[in-house]
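Enquirer: Handing you this structure, nothing more for now.
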Amino acid sequence: MKIALDPTPFHHSHSLLEFPALAADLGYRYLQMTPHADMIPFFRHPKADDALVAQFRKNCEAAGVEVASVLPVLRWSGPDETLRQAAVRYWKRAIQISVDLGCTQMNTEFSGRPELPEESEAAFYKSMEELLPVFERAGVNVAIDPHPDDFVEEGLAAWRVIRGLNSPNVGMVYVASHTFHMKDEPLEIMRAAGDRLRVVHVSDTLNHHASHGLRYITNPPGNAVRVHQHLKIGDGEVNWDEFFGGLAEIGFLDSPDTVMCSSVFAEDENAHDVARYQLETIEKYVAKFGKG
């Protein structure tokens with residue numbers, strides 16, 4: 003298993019090309035490339051040319067760091083056909099960037115709209131008709147997260163959509179901070195996905211269902227909001243013994259190909275300390291539950 007740093011908390015304090023050395027300084031051997039204005043921004047065409055990609059890879063090699071996963075977020079399930087077609091084009095460039103970085107694992111979100119689930123699912127499968135052959139030819143795997151406010155938000159429902167693609171190149175992401183939005187029990191989701199669960203994001207969150215659903219109050223009542231946090235381990239209510247124990251049960255912790263990413267976004271002012279704490283705490287849980 004590869005333990006990776008999501009550098010999002012450092013986007014405003016470090017340049018893109020500084021991320022590899024930063025990750026190494028924080029003790030990480032792997033990076034996850036999440037959306038960045040100079041590489042693959044949210045919802046837009048990738049902005050990195052071949053020279054920038056090559057320089058980033060060179061900086062990774064110099065720092066002794068590898069890119070474990072590349073995470074674009076694009077409107078490939080959007081019910082707007084013009085934007086869906088654009089997203090497919092953007093995806094093709096993002097796949098090439100991942101290959102050029104020496105990375106064969108990508109992960110993303112379902113996107114689409116929860117109030118238009120049928121239309122969004124149709125758009126998703128239409129996009130995948132074109133993209134699946136590209137992933138397969140490139141030897142790239144993509145794992146998908148049922149993110150809050152996507153057209154599919156529940157864990158087992160998301161796995162069924164993925165399974166319906168009938169491709170070993172497509173797997174699932176489990177984001178610990180989305181635990182209380184996914185309806186189904188964590189172990190049910192992990193066991194259903196099995197070895198197709200290829201990426202997990204490690205950050206804590208509070209259970210918004212607690213206090214009879216009144217932990218968070220929005221006005222007017224009934225607003226269609228999705229509340230969650232990306233806190234450091236121990237600052238929320240995720241059951242970490244269950245989380246790591248479940249991953250151990252399905253073989254995730256002992257696989258050379260899986261990716262576990264620290265993705266804390268709530269404490270930019272303490273980002274260096276939090277990143278080190280996350281790595282140390284993850285390693286303790288892995289030692290506790292993994293076969294070693």
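Throughout the sequence shown, residue numbering follows the working numbering, covering 3 to 294 in sequence.
The C-beta atom is built at its ideal place from N, Cα and C for all residues, glycine as well.
Model, not experiment: these values are computed from the prediction.
(1) Tell me which same chain residues have a C-beta within less than 6 Å of the C-beta of V288, skipping the five on either side of it?
(2) What are the boundary residues of the alpha helix (DSSP H) that L134 is part of?
(3) Less than 8 Å between the C-beta atoms of V67 and P22, yes or no?
(4) Tell me where the alpha helix (DSSP H) around T106 begins and ends.
(5) Look up K4 in the DSSP assignment and say whether it is helix, strand or coil.
(6) Flag this pair as yes or no: are the beta carbons of D33 and L73 separated by less than 8 Å?
(7) Since R311 contacts Q107 with CB under 8 Å, what's their CB separation in whole angstroms?
(8) Look up A145 in the DSSP assignment and give the residues it is bridged to.
(9) What are the boundary residues of the alpha helix (DSSP H) that includes V163?
(10) Check Q34 in the structure and name its three-state DSSP category.
(11) Tell me the rounded alpha-carbon separation between R162 and S257.
(12) In chain order, what are the residue ranges of uninterrupted beta strand (DSSP E) at least 3 long that sit wholly in the region 169-252?
(13) Taking Cβ to Cβ, would you say F58 is nearer than 8 Å to L103?
(14) Counting Cβ pairs, one atom from each stretch, are 3 or more of them under 8 Å apart for the region 139-147 and the region 165-174?
(15) Check the C-beta distance from D270 over to G236 and give it rounded, since I have them as a contact under 8 Å.
(16) What did DSSP end up calling S71 once you bin it into helix, strand or coil?
(17) Measuring alpha carbon to alpha carbon, tell me which of M35, Y30, I42 and D152 ends up nearest R278.
Expert: On the basis of the coordinates in this document:
(1) L255
(2) P119 to A140
(3) yes
(4) Run containing T106: none; DSSP gives neither H nor E here.
(5) strand
(6) Here the sequence assigns Leu to residue 33, which means Asp is not the residue at that position. Not a contact, by the Cβ cut-off of 8 Å.
(7) Summary: the structure shown does not reach residue 311, with the chain confined to residues 3 through 294, and so no result is reported for it.
(8) N109 and G173
(9) G157 to R165
(10) strand
(11) 23 Å
(12) 172-177 and 199-204
(13) yes
(14) yes
(15) Between G236 and D270 the Cβ distance is about 18 Å, and since that is not below 8 Å, they are no contact.
(16) strand
(17) Y30
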